[in-house]
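Trainee: Below is a structure I'd like to ask you about.
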Amino acid sequence: MSFLLAIEGGDGAGKATAAAEVVAQLVAGGTSATVLSFPRYAETLGGHV
């Protein structure tokens, strides 16, 4: 089973910290997990967002 968890919030709200903790807990429990961050400003289309 797969799922997507989205964490939203304003700048400096702790989204990256929360995402890292969620991933750490999932991995510690034996679940494969990763963090994806959007928009990706360094990529061609991301710079236009």
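Counting from 1, position 40 in the sequence shown corresponds to residue 40 in the numbering used here; the numbering is continuous, with no gaps. Yeah, the Cβ is synthetic: ideal placement off N, Cα and C, and Gly gets one too. Please read these numbers as outputs of a predicted model, since none were measured by experiment.
(1) Please state the DSSP three-state secondary structure of Leu-5.
(2) Tell me the DSSP secondary structure of Thr-36 in three-state form.
(3) In the structure shown, what three-state DSSP assignment does Thr-31 receive?
(4) Between Gly-12 and Ala-6, what straight-line distance do the alpha-carbon atoms span, to the nearest angstrom?
(5) Cβ of Val-23 within 8 Å of Cβ of Val-35?
Mentor: Once the coordinates are examined:
(1) For the purposes of this step, residue 5 is taken as residue 5 along the sequence shown, with counting starting at 1. If DSSP states are grouped into helix, strand and coil, Leu-5 belongs with coil.
(2) The residue labelled residue 36 in the question sits at position 36 within the sequence shown. The amino acid occupying residue 36 in the given sequence is Leu; Thr does not appear at that position. In this structure, Leu-36 counts as coil in the three-state DSSP scheme.
(3) As a working mapping, residue 31 is identified with position 31 in the sequence shown. Thr-31: coil per DSSP, three-state reduction.
(4) Locating residue 12 in the sequence shown gives position 12, where the first residue counts as 1. Locating residue 6 in the sequence shown gives position 6, where the first residue counts as 1. Looking at the two C-alpha atoms, the distance is approximately 16 Å.
(5) Here residue 23 refers to the residue found at position 23 of the sequence shown. Here residue 35 refers to the residue found at position 35 of the sequence shown. The Cβ atoms of Val-23 and Val-35 sit closer than 8 Å to each other.
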